[in-house]
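Asker: Heads up: the sequence lines are chains A and B, in that order.
Counting in the numbering used here, the first sequence runs from 32 upward without gaps.
Counting in the numbering used here, the second sequence runs from 613 upward without gaps.
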Amino acid sequence: MRCEQVKSVLNELIEGTLSEPMRQQVQRHLELCGECQREFRLMQGIWRGLSAMPEVVPPADLHARIMTHVRANTRLREAQPRGGLFRWFGAAAAAATLFLMGFFVAQSDGVQAAFGFGGKRKPTPELAQPVRAGIFVEYRTTSNGARLPVLLARMNREMQAELRYTPPEQPNATPVLLWQGTLQAGRTVEIPLQTLLQSVQGRVVTLHWRSETQSSLLFMPVGYPRAKVASVRLQAKLGDALRQLASLYQAPIEYAAGCSEPLVVLDVQEATLEEALRQLLVGTGCTLVREGELWRVIGP
Amino acid sequence: MHTGAHAGTREGMHIYDYSTDAVLIERFKEGDEFAFDLLVRRYEQKVYQLAYRLTNNPDDAADITAEAFLRMYNSLKRFRGEAQLSTWLYRVVSNVFFDFRKREARHQHLPLEVPDEDEELVELPVPDESVDILGHALQAEQSRVLMEAIQKLPEYQRVMVILFHIEERPYEEIAQIMNLPLGTVKSRLNRARNALRQLLEPYRELFEAESCPTTEEPQEADDALRASQERVERAD
């Protein structure tokens with residue numbers, strides 16, 4: 032075989048697509064010809080270099096940039112919630128006129144953690160019975176050992192409901208619609224969340240739960256073991272502090288916000304959740320009530 | 613309990629599992645804009661990576677990525693699922709890239725492509741002898757030189773080299789992406805490799821080294837090479 036012929040089939044040799052007799056001829060030539068050997072090594076090096084190219088890290092604002100471009104050129108807009116969405120502490124001033132929604136906590140084998148904060152609504156005379164809603168999270172174990180989170184929701188009468196999601200990296204973004212449907216009295220609807228959680232980096236997912244005029248926030252801890260004791264040092268508004276404790280201890284905490292939201296300071300070592308909560312609430316006028324697994328903080 | 617990868621109905625309530633493209637596309641067609649958001653999240657990194665490798669410029673890559681998803685938004689309702697969504701998206705990205713380059717060429721009045729392999733090739737800068745070519749530095753230098761060389765290839769060759777060698781797509785999928793017969797893909801890819809080899813002649817020593825002594829990549833690279841060979845065997 033001549034060198035030119037050999038060089039023309041080096042890619043096929045690397046790919047392994049040469050016929051066996053041809054491959055043997057080329058190999059024999061390579062053993063005897065230094066120039067072709069060098070050429071083969073160069074081609075191999077190029078193939079290897081291409082395969083080993085490092086991953087490209089996209090810019091942090093890539094998603095926002097894409098969605099801005101798409102929205103600017105289409106009718107796609109961020110889904111606007113109907114009516115005023117209950118805004119965590121922003122709605123605290125109005126909370127006195129509303130009544131607390133029901134809150135369900137599931138805690139059994141396979142149930143990891145659940146907590147939420149009650150929204151309130153003005154009583155409307157046309158409703159025969161107040162609406163009570165519940166949301167909680169279960170982790171289901173699949174046959175291959177993976178644990179998949181499922182959000183469960185219940186209502187005590189038929190109603191339309193929706194679930195919105197705020198990305199952790201964009202806490203002020205308008206929540207986007209995750210699910211909507213009809214809830215029926217006494218029935219539980221399951222909403223698989225694994226796709227959502229795969230893209231979540233943060234410790235707590237914030238889901239906005241809304242049904243008719245009511246809404247609430249669900250802070251859902253993901254992927255951390257439950258803490259029995261912890262050392263905590265923080266200074267924050269009460270709601271934020273409770274959120275951090277719920278995340279740290281992976282425990283459900285319900286906060287019925289009062290008219291004001293005091294700034295609190297906490298500095299405890301090796302404390303249980305109860306000890307941390309009691310220490311946190313000193314001087315706030317709030318009371319702490321335990322109902323099974325649920326810790327309820329009631330404003331003054 | 614519902615954990616399957618499909619949409620279903622349970623006691624009169626719609627339950628959607630957003631874990632598959634098919635469900636997301638279906639939901640999008642029904643007007644669920646969150647499904648589009650999730651699709652973007654699922655593919656934005658892949659799309660950006662391809663765009664970056666085609667342009668070697670982060671801003672251009674982000675622009676191409678955004679435009680590709682805009683095109684996806686506008687045509688997803690007509691997507692019939694005959695190909696994988698990722699394959700279809702790769703095609704969209706390639707087309708956006710070609711358009712981008714045409715527009716760029718119009719504005720800058722520069723030749724669109726460097727001459728093909730039969731003509732004179734543009735030379736790359738001479739390698740810097742002071743560069744540490746051991747271990748990671750060797751691989752980093754190889755990657756840098758390869759990226760520069762790839763940018764010198766004609767657009768179609770560039771797309772093929774990146775899809776096959778870096779994104780590790782099989783020949784059949786590249787044929788779908790480029791809308792070309794399988795044989796044409798193989799022959800054009802061969803021409804692209806030879807063009808790339810000519811461009812890398814000044815860097816011969818950088819690529820002739822048999823391994824990178826201080827990195828674990830040689831094994832990985834060998835594995836990747838074997839994977840390429842397997843893809844080739846499957847294509848045959």
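Beta carbons are placed, not taken as given, at the ideal position from N, Cα and C, and that holds for glycine.
What you are looking at is a predicted structure, and each value in this text was computed from that prediction instead of being measured.
1. Does the beta-carbon of ALA663(B) have 16 or more other beta-carbons within 10 angstroms, so that it is buried, or is it exposed?
2. For GLN661(B) and GLN266(A), what's the separation of their Cα atoms in angstroms?
3. Considering only the alpha carbon of each residue, which of ILE222(A), ALA95(A), GLU46(A) and GLU62(A) lies closest to GLU656(B)?
4. Measuring CA to CA, which of LYS689(B), LEU808(B), PRO670(B) and LEU750(B) is closest to ASP644(B)?
5. List, in order along the chain, the chain B residues whose C-beta lies closer than 9 Å to that of PRO85(A)?
6. Pull the bridge partners of MET190(A) from the DSSP assignment, please.
7. Quick one: Cα of MET684(B) to Cα of LEU701(B), how far?
8. What in chain B is Cβ-close to ARG69(A), meaning under 9 Å?
9. Tell whether a beta-carbon distance below 8 Å holds between ALA674(B) and PRO90(A).
10. Any beta carbon from chain A within less than 8 Å of ARG653(B)'s own beta carbon?
11. Starting from the beta carbon of ASP633(B), find every residue of chain A whose beta carbon is closer than 9 Å, and list them in chain order.
12. Note down the Cα distance separating ILE45(A) from ALA634(B), rounded to an integer number of angstroms.
13. If we count the other Cβ atoms within 10 Å of its Cβ and call it buried at 16 or more, is ASP671(B) buried or exposed?
14. By the criterion of Cβ-Cβ separation under 8 Å, what are the contact partners of GLY316(A) in chain B?
15. What residues in its chain sit with their C-beta under 6 Å from that of GLN55(A), if we drop five residues either side in the sequence?
16. Using a C-beta cutoff of 8 Å, does GLU694(B) count as contacting chain A?
17. What residues of chain A sit near ASN802(B), judged by a beta carbon separation below 7 Å?
18. Does the separation of the CB atoms of ALA678(B) and HIS60(A) fall below 8 Å?
19. Once you ignore the five residues that flank ALA695(B) on each side, which residues in its own chain have a CB closer than 6 Å to its CB?
20. Per DSSP, what kind of secondary structure is GLU292(A) in: helix, strand or coil?
21. For ALA787(B), go through chain A and note every residue whose CB falls closer than 9 Å to its CB, in chain order.
22. Whole-angstrom Cβ separation of GLN763(B) and ALA83(A), contact assumed at under 8 Å?
23. In this structure, does DSSP put ARG257(A) in helix, strand or coil?
24. Can you pull the chain B residues whose beta carbon is under 8 Å from the beta carbon of HIS94(A), in chain order?
25. Nearest-angstrom Cα distance between THR48(A) and LYS798(B)?
26. What span of residues does the alpha helix (DSSP H) with GLY65(A) cover, start to end?
27. Do LEU41(A) and PHE71(A) have their C-beta atoms closer together than 8 Å?
28. Taking a Cβ distance cut-off of 9 Å, strictly less, list which residues of the stretch 678–690 of chain B are near chain A, in chain order.
29. Once the 5 residues before and after LYS335(A) are set aside, which same chain residues still bring their CB inside 8 Å of it?
30. Among LEU73(A), GLY76(A), ILE77(A) and LYS38(A), whose alpha-carbon lies nearest the alpha-carbon of GLN58(A)?
31. In three-state terms, what does DSSP make of GLU205(A)?
32. In angstroms with no decimal places, state the Cα-to-Cα distance between VAL773(B) and TRP78(A).
33. Would you list, in sequence order, the uninterrupted beta strand (DSSP E) runs of no fewer than 3 residues that lie entirely inside the stretch 619–695 of chain B?
34. Count the other C-beta atoms from every protein chain shown that fall within 10 angstroms of the C-beta of GLN75(A), then say buried if there are 16 or more, exposed otherwise.
35. Grab me the residues of GLU301(A)'s own chain with a C-beta within less than 8 Å of its C-beta, minus the 5 sequence neighbours each way, in chain order.
36. With 8 Å as the threshold, decide whether the Cβ of LEU812(B) is near any Cβ in chain A.
Answerer: Once the coordinates are examined:
1. Burial call: buried.
2. 41 Å
3. ALA95(A)
4. LYS689(B)
5. GLN751, ALA752 and SER755
6. LEU214(A)
7. Approximately 7 Å, taken between the alpha carbons.
8. ARG816 and GLU820
9. yes
10. yes
11. Residues of chain A passing the Cβ test: none, with the nearest at roughly 11 Å.
12. 38 Å
13. Residue burial is scored here from C-beta neighbours: ASP671(B) has fewer than 16 other C-beta atoms within 10 angstroms and is therefore classed as exposed.
14. Neighbours of GLY316(A) on chain B: none; closest Cβ ~40 Å, over 8 Å.
15. Cβ within range, chain order: n/a, list empty.
16. no
17. ASN42
18. The answer is no: Cβ separation not under 8 Å.
19. For ALA695(B), where only same-chain residues beyond five positions count, the Cβ hits under 6 Å are GLN788.
20. Note: GLU292(A) maps to coil in three-state DSSP.
21. Within 9 Å Cβ-Cβ: nothing; ALA787(B) doesn't reach chain A, min ~16 Å.
22. Their Cβ separation, rounded to whole angstroms, is 18 Å, which puts GLN763(B) and ALA83(A) out of contact at 8 Å.
23. coil
24. VAL652, ARG653 and GLU656
25. 12 Å
26. 65–82
27. yes
28. ALA678, GLU679, ALA680, PHE681, LEU682, MET684, TYR685 and ASN686
29. Residue 335(A) cannot be examined here, being either before or after the span of chain A that is shown, 32 to 331.
30. Ranking LEU73(A), GLY76(A), ILE77(A) and LYS38(A) by Cα distance to GLN58(A) puts LYS38(A) first.
31. According to the sequence as given, residue 205(A) is Thr; it is not Glu. Of the three classes helix, strand and coil, the one that applies to THR205(A) here is coil, per DSSP.
32. 10 Å
33. DSSP assignment within the stretch 619–695 of chain B yields the following whole beta strand (DSSP E) runs of 3 residues or more, N-terminal first: 620–622 and 625–627.
34. buried
35. So the qualifying residues of the chain are VAL260, ALA261 and SER262.
36. Chain A has a Cβ within less than 8 Å of the Cβ of LEU812(B).
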